[in-house]
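*Asks:* Just dropping this structure here.
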Amino acid sequence: MTTTSLAAAASTGEAVQFWILGTVAVIGALCTILMRRAVHSALSLAGTMIILAVFYLANGAYFLGVVQIVVYTGAIMMLFLFVVMLVGVTAADSLKETLKGQRWLAAACGLGFGILLVAGLGNASLKHFNGLGEANAGGNVQGLAALIFTKYVFAFEVTGALLITAAVGAMVLTHRERTERAKSQREQSEARIREGRQVPPLPAPGVYARHNAVDVPGLLPDGTPSELTVNPTLRERGQIRDVSGESLAELKALEQRSEEWLGRSEEAKR
Numbered sequence: 009m010t011t012t013s014l015a016a017a018a019s020t021g022e023a024v025q026f027w028i029l030g031t032v033a034v035i036g037a038l039c040t041i042l043m044r045r046a047v048h049s050a051l052s053l054a055g056t057m058i059i060l061a062v063f064y065l066a067n068g069a070y071f072l073g074v075v076q077i078v079v080y081t082g083a084i085m086m087l088f089l090f091v092v093m094l095v096g097v098t099a100a101d102s103l104k105e106t107l108k109g110q111r112w113l114a115a116a117c118g119l120g121f122g123i124l125l126v127a128g129l130g131n132a133s134l135k136h137f138n139g140l141g142e143a144n145a146g147g148n149v150q151g152l153a154a155l156i157f158t159k160y161v162f163a164f165e166v167t168g169a170l171l172i173t174a175a176v177g178a179m180v181l182t183h184r185e186r187t188e189r190a191k192s193q194r195e196q197s198e199a200r201i202r203e204g205r206q207v208p209p210l211p212a213p214g215v216y217a218r219h220n221a222v223d224v225p226g227l228l229p230d231g232t233p234s235e236l237t238v239n240p241t242l243r244e245r246g247q248i249r250d251v252s253g254e255s256l257a258e259l260k261a262l263e264q265r266s267e268e269w270l271g272r273s274e275e276a277k278r
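Count along the sequence shown from 1, add 8, and you get the number used in my numbering.
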């Protein structure tokens with residue numbers, strides 16, 4: 009094949025890849041803001057980020073593609089997804105606005121940003137294009153490092169300062185000064201005994217119920233569920249599974265089989 013045919017085939021392949029993956033990326037972005045469940049929105053955003061990483065790799069930006077997958081998709085988005093799954097954010101949560109007019113303000117800001125972006129792209133002009141071959145002549149990572157630490161070093165340092173400021177601010181907001189001496193374990197035990205609270209540790213969930221899930225109440229030896237084994241927060245949310253009847257039926261069937269087996273054993277001995 010000639011060089012012209014190879015270039016034409018590569019151009020056709022890039023176009024097909026762009027239109028297919030670009031359509032999927034746009035659908036994922038729309039699902040991120042239209043899905044009712046936060047978990048589904050997070051998964052849609054993770055899929056869009058993975059497609060962006062594929063675009064980076066296809067354009068020769070290997071470092072950005074790997075960072076997009078490892079840092080943004082693999083670390084930040086998965087952390088956000090796990091937090092959403094553990095907290096239990098659902099569509100049943102309250103959607104009442106705490107600040108009046110915040111949705112209209114957000115819509116106006118989004119519209120203004122869109123207009124600014126379209127105007128910037130419309131006025132952009134590219135007089136000279138060096139190509140990926142020249143940009144990655146010494147390696148993609150080396151070329152990116154040269155730009156970051158020479159031409160764009162000021163913007164890079166400002167971004168780092170903003171990230172550090174955000175991290176320090178988060179620690180300051182979550183820090184709480186202790187104004188009194190912390191109680192020792194002996195003092196805490198004595199206080200529990202004086203107040204008549206649960207002296208020993210609370211029983212674990214799922215005891216005598218053939219489960220160890222946190223949303224399954226443990227059963228006492230007589231088969232009744234113990235309220236001490238479940239988290240009060242799950243009880244208030246109504247997320248506790250009631251398996252007492254099922255467990256009692258299984259326990260009764262097991263006792264009946266045991267009695268039958270013991271009866272056969274006594275007959276065998278006779």
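Quick reminder that beta carbons are idealized off the backbone N, C-alpha and C, glycines included.
Alpha carbon to alpha carbon, what distance is there between R186 and S192?
*Replies:* Distance between the alpha carbons of S192 and R186: 15 Å.
*Asks:* Tell me, please, whether the segment 21-32 touches the segment 43-62 by the rule of three or more beta-carbon pairs shorter than 8 Å.
*Replies:* Taking 8 Å as the limit for Cβ pairs, the verdict is that the segment 43-62 does touch the segment 21-32.
*Asks:* Please classify L227: does DSSP put it in a helix, a strand, or coil?
*Replies:* Reduced to three states, the DSSP call for L227 is strand.
*Asks:* Quick one: Cα of E203 to Cα of L236, how far?
*Replies:* Rounded to whole angstroms, E203 to L236 spans 17 Å at the Cα level.
*Asks:* Please decide whether S19 counts as near chain B, where near means a Cβ-Cβ distance under 8 Å.
*Replies:* Considering every chain present, this structure includes no chain B. It has just one protein chain.
*Asks:* Would the beta-carbon of G30 fall within 8 Å of that of L53?
*Replies:* Their beta carbons are not under 8 Å apart, which means G30 does not touch L53 by this criterion.
*Asks:* In terms of DSSP beta bridges, what is P233 paired with?
*Replies:* According to DSSP, P233 bridges with L227.
*Asks:* Could you tell me the distance, in whole angstroms, from the CA atom of A154 to the CA atom of G146?
*Replies:* Answer to the nearest angstrom: the Cα atoms are 10 Å apart.
*Asks:* Would you say I58 and I77 are within 8 Å of each other, going by their C-beta atoms?
*Replies:* Yes, Cβ-Cβ distance for I58 and I77 is below 8 Å.
*Asks:* With DSSP collapsed to three states, give me the class of Y160.
*Replies:* Note: Y160 maps to coil in three-state DSSP.
*Asks:* What is the residue span of the alpha helix (DSSP H) that H183 lies within?
*Replies:* Segment: none, H183 is in no alpha helix (DSSP H) and carries neither H nor E.
*Asks:* For V161, which residues of its own chain have a beta-carbon under 7 Å away from its beta-carbon, when the five flanking residues on both sides are left out?
*Replies:* Excluding sequence neighbours, V161 sits near nothing in its chain.
*Asks:* Which parts of the segment 50-128 are runs of the alpha helix (DSSP H), unbroken and 4 residues or longer, counting only runs that do not cross its ends?
*Replies:* DSSP runs (the alpha helix (DSSP H)) wholly in the segment 50-128: 70-75, 86-95.
*Asks:* Using the C-alpha atoms, what's the distance from P240 back to P225?
*Replies:* If you take the alpha carbons of P225 and P240, they lie about 11 Å apart.
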